[in-house]
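Numbering (my numbering), first residue to last: -5 to 65.
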Amino acid sequence: VGIPELRKAMADWYKRWYHVELDPATEIQPLIGSKEGILHVTLALVNPGDQVLFPIPWYPTRPSSNNILVR
């Protein structure tokens, strides 16, 4: 998902700054922001009925992400 050239540019930047190679096709996901990323990770890893623990204080989207799975 995402523009291949953008994903490649992001992987190149990461390699320059952190000296870590990432595969743009499988290890780079361009996002609008962190809230979107938190939701995507929740949807990918948590199944309906799973118990989810998160610390207090929490990022404002955590409860909302979990509530989406309950419906």
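Each residue gets a CB set at the ideal place from its N, CA and C atoms; glycine is no exception. Computed from a predicted structure; not experimentally measured.
DSSP three-state call for LEU25: helix, strand or coil? The residue given as residue 25 occupies position 31 in the sequence shown. Three-state result, LEU25: coil.
The alpha helix (DSSP H) that contains PRO(-2), what's its start and end? In the sequence shown, counting from the first residue as 1, residue -2 sits at position 4. Its alpha helix (DSSP H) spans residues -2 to 12.
So, at 7 angstroms on beta carbons, what are the nonlocal neighbours of ALA38 in its own chain, with the 5 sequence-adjacent residues on each side left out? Along the sequence shown, one-based indexing puts residue 38 at 44. Nothing listed; no residue qualifies.
Any heavy atom of the ligand MG closer than 7 angstroms to the Cβ of PRO51? Judged by which ligands are present, the structure shown has none, so any question about the ligand MG falls away.
Express the C-alpha separation of VAL46 and PRO18 in angstroms, rounding to a whole number. The residue you call residue 18 lines up with position 24 of the sequence shown. The residue you call residue 46 lines up with position 52 of the sequence shown. Each residue's alpha carbon lies about 30 angstroms from the other.
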